[in-house]
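Since the structure comes first, as structure tokens, the remarks are kept for the end.
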């Protein structure tokens with residue numbers, strides 16, 4: 008019989024899920040992300056202090072990746088994302104990282 012920890016780890020299903028976000032110009036931005044872990048949440052909170060937007064942006068930068076698992080953004084791009092990306096688009100992207108996965112978001116290869 009598997010241990011309690013093994014059961015929890017198996018139930019976590021940390022497989023990447025594809026996210027599609029329609030931007031304000033009508034185009035679709037595709038990225039992949041794994042479900043959020045407590046360690047990732049803590050890491051994002053460290054850099055954000057009590058700022059909810061900074062926290063969500065840190066999570067987006069930490070979690071957004073391409074289909075091969077390569078991160079799409081680096082911490083050094085925070086200012087550029089804040090200044091050069093429409094707020095509504097950035098909010099939608101950050102929400103896509105935080106929201107729970109539904110069945111249709113799961114990678115069928117996983």
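Residue numbers (my numbering): 8 to 117. Positions of the beta carbon are idealized from the N, C-alpha and C atoms, including for glycine. Being a predicted model, the structure only gives us computed values, none of them experimental.
Give the DSSP bridge partners of residue i, in chain order.
| i | result |
| --- | --- |
| residue 75 | Paired residue(s): none; residue 75 is not in a bridge. |
| residue 36 | 28 |
Select from the options the residue whose C-alpha is nearest the C-alpha of residue i.
| i | options | result |
| --- | --- | --- |
| residue 92 | 49, 41, 64, 44 | 64 |
| residue 66 | 18, 106, 94, 20 | 106 |
| residue 37 | 72, 80, 88 | 72 |
| residue 40 | 88, 95, 85, 80 | 80 |
Is DSSP giving residue i helix, strand or coil here?
| i | result |
| --- | --- |
| residue 49 | helix |
| residue 92 | coil |
| residue 62 | helix |
With a threshold of 16 other CB atoms inside 10 Å of the CB of residue i, please say whether the residue is buried or exposed.
| i | result |
| --- | --- |
| residue 21 | exposed |
Open item on the list: Tell me whether the region 36-48 and the region 8-17 touch, counting them as touching only if at least three CB pairs, one residue from each stretch, are closer than 8 Å.
Closed with: no
Task: Cβ pair count under 8 Å reaching 3, the region 84-101 against the region 20-31 - done: By the criterion of at least three beta-carbon pairs nearer than 8 Å, the region 84-101 is in contact with the region 20-31.
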